[in-house]
Each structure stands twice: as C-alpha cells, then as structure tokens.
Amino acid sequence: MRVGLPALHRKLGKKRILLLGGLLISLIFIGVHKLNKQRNAAREVQPVLHKQFKQSQLRDWHDHDAMMRDAERSGPGEQGKPAYVVNMEYKEAAPDSLREYGFNALLSEQISLERALPDVRHLSCRTQTYNKQLPAVSIIVVAHNEHPTVLQRTLHSLWNRTPHELLHELILVDDFSTHPPTRFDVSLEQNLILKFGAKLKILKHTVHVGLISARIAGARMASAPVLVFLDAHVEATHNWLPPLLQPIFEAPNTTCTTPIIDTINYSTFEYMRASPARGAFDWSFNYVQLPLRDEERQLLPAPHQNPVMNGGLFAITAKYFWHLGAYDAGLDVWGAEQFELSFKIWMCGGRILEVPCSRMGHLYRDDAFHVKYTNRTDDFISKNYKRVALVWLDEYRDVLYKHISKLALLDAGDVSARHALRQRLKCKKFKWYLETIAPDLLQTYPPVEPPDYAFGALQSQAAPHLCLDSLLIPPRQQIGDLSPCSPDLKYPYATQYWRLSFRRDLRQRLKSNCLEVQSWSPNAPIWLWPCHHQGGNQFWYYDQQTQLLAQGEAAGERRCLEANVTARRVYMNLCDFANVNMKWNFGFVNKTMMKTFFKGLTKWLN
Ligand code: UDP
Ligand code: MN
1407 MRVGLPALHR
1417 KLGKKRILLL
1427 GGLLISLIFI
1437 GVHKLNKQRN
1447 AAREVQPVLH
1457 KQFKQSQLRD
1467 WHDHDAMMRD
1477 AERSGPGEQG
1487 KPAYVVNMEY
1497 KEAAPDSLRE
1507 YGFNALLSEQ
1517 ISLERALPDV
1527 RHLSCRTQTY
1537 NKQLPAVSII
1547 VVAHNEHPTV
1557 LQRTLHSLWN
1567 RTPHELLHEL
1577 ILVDDFSTHP
1587 PTRFDVSLEQ
1597 NLILKFGAKL
1607 KILKHTVHVG
1617 LISARIAGAR
1627 MASAPVLVFL
1637 DAHVEATHNW
1647 LPPLLQPIFE
1657 APNTTCTTPI
1667 IDTINYSTFE
1677 YMRASPARGA
1687 FDWSFNYVQL
1697 PLRDEERQLL
1707 PAPHQNPVMN
1717 GGLFAITAKY
1727 FWHLGAYDAG
1737 LDVWGAEQFE
1747 LSFKIWMCGG
1757 RILEVPCSRM
1767 GHLYRDDAFH
1777 VKYTNRTDDF
1787 ISKNYKRVAL
1797 VWLDEYRDVL
1807 YKHISKLALL
1817 DAGDVSARHA
1827 LRQRLKCKKF
1837 KWYLETIAPD
1847 LLQTYPPVEP
1857 PDYAFGALQS
1867 QAAPHLCLDS
1877 LLIPPRQQIG
1887 DLSPCSPDLK
1897 YPYATQYWRL
1907 SFRRDLRQRL
1917 KSNCLEVQSW
1927 SPNAPIWLWP
1937 CHHQGGNQFW
1947 YYDQQTQLLA
1957 QGEAAGERRC
1967 LEANVTARRV
1977 YMNLCDFANV
1987 NMKWNFGFVN
1997 KTMMKTFFKG
2007 LTKWLN
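So in my numbering, the last spot in the sequence shown is 2012, and the numbers never skip.
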C-alpha cells in the first residue's frame, strides 16, 4: 500500500515528521551540492560546446568569391603545393639562403605574396555559421629581421582573408630590424602603406626591445575590443577569424582562443596540415603536445581545451588581456611568455581553447638553424623561466630546478608585483592546474621519472661482437648499423647506449630521440626520430625469456628487430622465436621494473 503524506503524518507524529523533514532537506541539500560539485568538475574536463543561437543571429562568414578566385590560381607554391627552385643560378644560391635564414628565402621570392592555400579544415567547418555581431579586432604582428617577402605574405594573407568589417586595424611592430634586406627601409614601408592604407599602423622601435615588450607596445596602441597576436611569418587561411572570435563572443571576460597551427615547410614552402593537439610543457620548459582527450576527439571540430598556447598566435579581448596584467614586462626578449600567459589564464578562472576550424600556417625554421635575436650574452631565457616558476609553479618550481639546475641560484629580479597580481586575481594553485587541466601531463612527464625498464648496449646473439649503434646520425634519418660492441655493455659508448624508458620507447641516452618504424614492408628500416611519447610506432618491448625486441603494442602490429650480420644492419620483420638473428642481450634489465611493464596497457596480447 502506498502511504500518502497525511497518512504518514498520522503514522509518525509531529515531532518525528519535523525530524524526517529536516533530514530530507539536508539530504536534498547535500545531493544538490554534490551534483553542483560534479557539474563543476565536469565543466572543467568536458569539451566545449557552442552556445545555442537562433538561426537569424548567425551568419556564414566565408568570403566565397575570394575562395573561388583562389581556387583558380596556379604557379609556384600555389595551393600550398611544394615549390622548387628551377633556375640554375638560384639552385646554387639556395643552400646559402637556407643557412642564412633557416628557410629557403630565395624560393620565397619566387612565390606570389598572395598565393592560395589549400582548405585542410574538417569538412564540417565549411558550413559552420557564427554570430553576426562578432567583435572587431586589432591584429598585432611583431617582427624582428623578418624576410620582406615572408612578412609581406603574412600581411597580404591577413588582408585578403579577414572580413574587413571585423578588421579594425593591422598593427605592425618593427622591433628594430637591422639586417639589410629586412630593415624597414622607406620603399618597403611605402609599399605597405600603398597597399593597406590607413588600417595599417606601423610602430617602429629605435632600439631592440624583444618580442614580449614589442607585443605589449602593440597592444597599447590597439583600439579594437579584441586583440589578435601573430608572428610575422604566418599565412592566414580562409575564414580563420570568425571561429576564433565565436568563443570570445560567448565569454569575453574569460576566453583566449588559438588556431591550429599548420606547418609551412622551410625548404619548399609546402602547406602541411597539423593535427589538433593540447599544448603542454616538459620539466625543461620545452613546449610539447599532448593528444586530445577521447571526448574532445569525438566532438571535433568543436573547440577543445588547450593547456598551453603554442607560441604567440592567439586572440583575447583587450580588456581581459590587461585585466590579466598582460605579459610580465620583466620577461626579456623571448621565452616562457606563452607559459606565463597560459598558466595565468587557467589558474585565474579563464580558459584557452584551440579552435580547429581556424587554421594558420607558420613557417618553422630548419631545426638545425638557431635563430639569434640579440648579441646579448646574458642568459635571459633562464631568467624568464625562473620568473615564471617563482610566480606560478608553487612547489613544482623545484621540479623545474631539478631539470634545469642553473635556475636554482639565478637572480630573476623582483617578482613581488607579479605575486600581488596573482593574489589580486585570486588564482588557483599550480597543482590544481596540473591535475585538472593537464592530468596526462603528469603521466607523460612525471616530476620524478621512474627508472628505465632496461638500458645499455643491444648485443646481437647471432654475432655477440656486434651491437646496435646510432653512430653520430642526427634524428629524422634511417639508422640501424651494427658496430663492434663497447667493452662495457651496461655502460657503453653513448652511440650504443639505449634506454627502454618508462614510456616504453627505445631512446638514446641523453637525447630525446627514439627508434621508430614507419613502414610495413619485409626488412622495414628503423628510423631515429624525436620521441613523441605516444607509443604507437615508438612502442618497444624487450622479452627476457625469448630475448626478442618487439615493436608495436597490438599483437597484429608487432614486429621484431632482426640483425643481418653480414650486412651489419638491422631491420624489422615478423617475430620468430626460433630465429637467432632476432635475439638480443640488453646491457642491463631492471627485473623489478619489468614486472610492471604491462600495467595499464590496453592493446597488448601475447
Ligand atoms: N620577434 C621580435 N623581437 C624579438 C624576437 C622575435 O619582434 O626579439 C618577433 C619575430 O619576428 C616573430 C615573433 O616575434 O614575428 C615570434 O618570434 P619567433 O617566431 O621566433 O617565436 P616562435 O615562433 O619560436 O614562438
Ligand atoms: Mn614564429
């Protein structure tokens, strides 16, 4: 029988019902509180969904005419295709140009300043609509010794692919470029003014101030509600801006957005598609990337959380930028500024979103080229790191000091104003940021690295005098030579020293280069490649029983390292326990660690 409330009243008496009522209310209260807590936590980890707007408030911002005109273009580098220098004279000069700039500047001179780029966006971006009332922007481009064609291509792409009703101004900050062809001479300036008219504002520094101060100076000049910061060697793609502005439009006081940064190849100027990623850092303060979370991947191309912005391509309202205290003006020249801003945004109640429908090409220089922005000999980058660590990292600053030991004793200047800012903004702890916004960072880059599963020389059992040797080959090349083994197999020469690290990759001792396999043919070669920390083609396992060295987590993907003793080379082939050429001795195997090798592995099946 169901008991109605009056009946219940009768049954329990007045006192009891009061008690029960109180209990019920507390239970409801606890329940709601818990739900809210869960909701808040969920909000912190969930991917970002656009707010719902009426169709009449939305607009297709694509410039279809310009897109059609671009589709017709042909010539060197057009449609983002790789270009090659054909002329003999150029061919001879190209290597010098590459050495001087870190990219093929001669080739850049042969490519149109208004070249067309491919549309590499997720298909659904093509039909995506955004609010009609998006805010206008001041685009701030800072430049120091940028090649004139590269700089002009940046400006042209922005001019041609930004809706002019949203483009309030284009601010070019020249950070005292001095190198002859890059110097802001009268003719370059005249050309720019002729082309872009009054919307282009040029701020010329008469001393070198560095990129951080240059950006702050540009922001001071800006008068639109939204600031977009860009490098001077980028190329904007069609409709890059509206998707970047939409999340800011929805939450202007707490949002910073970043585009996906595609690669412009330094030697061919090919436009190469990058994948969506979550920016992060390792404990040497290198910028690194983490994969999207599953739920974020499923919702692509919706924007997703970005723990650390990649360099300085981002949009933010001017109001929010200044509210956050801009960049720490004590950061000098270049370095760590993206960490400072990113930590601050997340820890002080904001969010950074990567927006996959917004794409921007970035000319990355050749790895071998070291850009030099100043003749100064003081270690300003380390000083910048320390300032950021002192203000934002809390107890984790010690982890950074452990990895960059010189930081501990370095004088980073006065940071009291930045501490005060952190207090004023009521920012959360760094631990919260790590655990909530980038928990996978702690797994991939643990503050204290667990010991290696195994390390030392890899000695062939088929020819015990031979060991796997990387010689002095730089990364991104095939390797696989067998050389006479070092006398000490546990602590061999550096080029024979391999580590089966806790990330289950096989890496060089001191460098972050890993062995990986890129093809499926029999006798597939192995490559030395920067470690990506994501298993896959860099996943390795050493089996102590069979002494096979297997690559690939899932059984169907697995192959083993095989020696060809006569050729003194190694290759990958299907694993065969009976094949002595596949048997290896590892200098040292940590048996305790090895017992944990399979913990948390999802795909491994024997
Ligand atoms: N830059 C500058 N002053 C400097 C160093 C750099 O104005 O002292 C400019 C540079 O020309 C570029 C931007 O700042 O447009 C970002 O520099 P870079 O591309 O080297 O940074 P990254 O791409 O490595 O983040
Ligand atoms: Mn750059």
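Virtual Cβ for every residue (Gly too), placed ideally from N, Cα, C.
Under a Cβ-count criterion, where at least 16 other Cβ atoms within 10 Å of its own Cβ denotes burial, should residue i be classed as buried or exposed?
i       : result
Asp1784 : exposed
His1553 : buried
His1585 : exposed
Trp1565 : buried
Ala1973 : exposed
Lys2005 : exposed
Pro1928 : exposed
Thr1769 : Before going further, note that residue 1769 is Leu rather than Thr in the sequence given. It is buried - the Cβ of Leu1769 has at least 16 other Cβ atoms within 10 Å.
Phe1965 : According to the sequence displayed, residue 1965 carries Arg and not Phe. Arg1965 comes out buried.
Glu1968 : buried
Thr1533 : exposed
Ile1599 : exposed
Met1627 : exposed
Phe1435 : Note that Phe1435 has pLDDT 45, beneath the 50 cutoff, so the model's placement of it is unreliable and the number below is only indicative. Looking at its Cβ environment, which holds fewer than 16 other Cβ atoms inside 10 Å, Phe1435 is exposed.
Trp1467 : buried
Ala1721 : buried
Leu1730 : buried
Trp1946 : buried
Can you find the residues in the same chain that come closer than 8 angstroms, C-beta to C-beta, to residue i, ignoring five residues on each side of it along the sequence?
i       : result
Gly1819 : Gly1736, Lys1789 and Arg1793
Met1715 : Cys1662, Thr1664, Gly1685, Gln1744, Leu1747, Ser1748 and Ile1758
Ala1680 : Ile1666, Ile1667, Asp1668 and Thr1669
Gly1428 : In this prediction, Gly1428 has a pLDDT of 47, which is less than 50 and means its spatial position is unreliable; what the coordinates show is noted afterwards. Hits under 8 angstroms: none found.
So, for residue i: in the same chain, excluding its five sequence neighbours on each side, which residues have a beta-carbon less than 7 angstroms away from its beta-carbon?
i       : result
Thr1378 : Nothing about residue 1378 can be read from this structure; the chain reaches only from 1407 to 2012.
Ala1447 : Reliability fails at Ala1447, whose pLDDT of 43 lies under 50, so the model's placement of it is uncertain and the value that follows must be treated cautiously. Correct list: empty, nothing qualifies.
Lys2001 : none
His1562 : Leu1519 and Glu1520
Gln1940 : Pro1697
Arg1449 : The pLDDT assigned to Arg1449 is 45, lower than 50, so where the model puts this residue is not dependable; a value taken from the coordinates is nonetheless given after this. Hits under 7 angstroms: none found.
Lys1610 : Asp1580 and Phe1590
Asp1887 : Asp1875, Leu1877, Arg1974 and Arg1975
In whole angstroms, what is the alpha-carbon distance linking residue i and residue j?
i       : j       : result
Asn1659 : Gln1951 : 59 angstroms
His1570 : Leu2007 : 52 angstroms
Phe1983 : Ile1787 : 51 angstroms
Leu1430 : Leu1840 : With a pLDDT of 47 at Leu1430, under the threshold of 50, the predicted position of this residue should be treated as unreliable, though the coordinate-derived value follows. Going from the Cα of Leu1430 to the Cα of Leu1840 covers about 38 angstroms.
Lys1443 : Thr1842 : With a pLDDT of 44 at Lys1443, under the threshold of 50, the predicted position of this residue should be treated as unreliable, and no value is reported.
Gln1944 : Ile1932 : 10 angstroms
Met1978 : Val1923 : 8 angstroms
Ile1751 : Val1640 : 24 angstroms
His1439 : Ala1724 : Low local confidence applies: a pLDDT of 48 at His1439 is under 50, so the model's placement there is unreliable, with the coordinate-based value given in what follows. Their Cα atoms are separated by approximately 35 angstroms.
Phe1602 : Gln1695 : 36 angstroms
Lys1989 : Arg1699 : 38 angstroms
Phe2003 : Ala1961 : 16 angstroms
Phe1635 : Lys1497 : 35 angstroms
Gln1711 : Glu1760 : 6 angstroms
Pro1831 : Arg1824 : Checking the displayed sequence, the identity of residue 1831 turns out to be Leu instead of Pro. Roughly 11 angstroms between the two C-alpha positions.
Gln1704 : Ala1844 : 18 angstroms
Leu1606 : Ala1956 : 58 angstroms
Would you say the beta carbon of residue i is closer than 7 angstroms to some non-hydrogen atom of the ligand ATP?
i       : result
Asp1772 : You won't find the ligand ATP in this model; what it holds is the ligand UDP and the ligand MN.
With which residues is residue i paired in a DSSP beta bridge?
i       : result
Cys1662 : Ile1722 and Ile1758
Glu1575 : Ser1544
Lys1989 : Leu1954
Ser1889 : Cys1873
Tyr1354 : The requested residue 1354 is not part of the displayed model; the chain covers only 1407 to 2012.
Lys1607 : Ile1577
Val1821 : DSSP lists no partner for Val1821.
Ala1979 : A small correction: the amino acid at residue 1979 is Asn; Ala does not occupy that position in the sequence shown. In DSSP, Asn1979 forms a bridge with Cys1966.
Looking only at its own chain, which residues have a Cβ that is under 6 angstroms from the Cβ of residue i, when we skip the five neighbours before and after it?
i       : result
Met1999 : Pro1857 and Tyr1859
Ala1620 : Val1548, Val1579 and Asp1581
Trp1913 : The sequence shown places Arg at residue 1913, rather than the Trp named in the question. Excluding sequence neighbours, Arg1913 sits near Arg1905, Ser1907, Cys1920 and Cys1937.
Gln1902 : Ala1863, Cys1873, Asp1875 and Ser1892
Val1971 : Ala1868 and Ala1869
Phe1655 : Asn1537 and Leu1540
His1644 : Met1473 and Arg1567
If you pair each beta-carbon of the stretch 1597–1615 with each one of the stretch 1657–1674, do three or more pairs fall below 8 angstroms?
In short, these stretches do not touch, since the Cβ pair count stays below three.
Q) Is there contact between the stretch 1524–1537 and the stretch 1640–1660, where contact requires at least three CB pairs shorter than 8 angstroms? A) With a cut-off of 8 angstroms, the stretch 1640–1660 and the stretch 1524–1537 count as touching, because enough Cβ pairs lie within range.
Contact between the stretch 1570–1582 and the stretch 1471–1479 is defined here as three or more beta-carbon pairs at a separation below 8 angstroms; is this criterion met? With fewer than three CB-CB distances shorter than 8 angstroms, the stretch 1570–1582 does not count as touching the stretch 1471–1479.
* Report yes or no: do three or more beta-carbon pairs, one from the stretch 1844–1853 and one from the stretch 1884–1900, lie closer than 8 angstroms? => They do not touch, by the three-pair rule.
Task: Any 3 or more C-beta pairs closer than 8 angstroms across the stretch 1516–1531 and the stretch 1456–1465 - done: With the cut-off at 8 angstroms, the stretch 1516–1531 and the stretch 1456–1465 do not touch.
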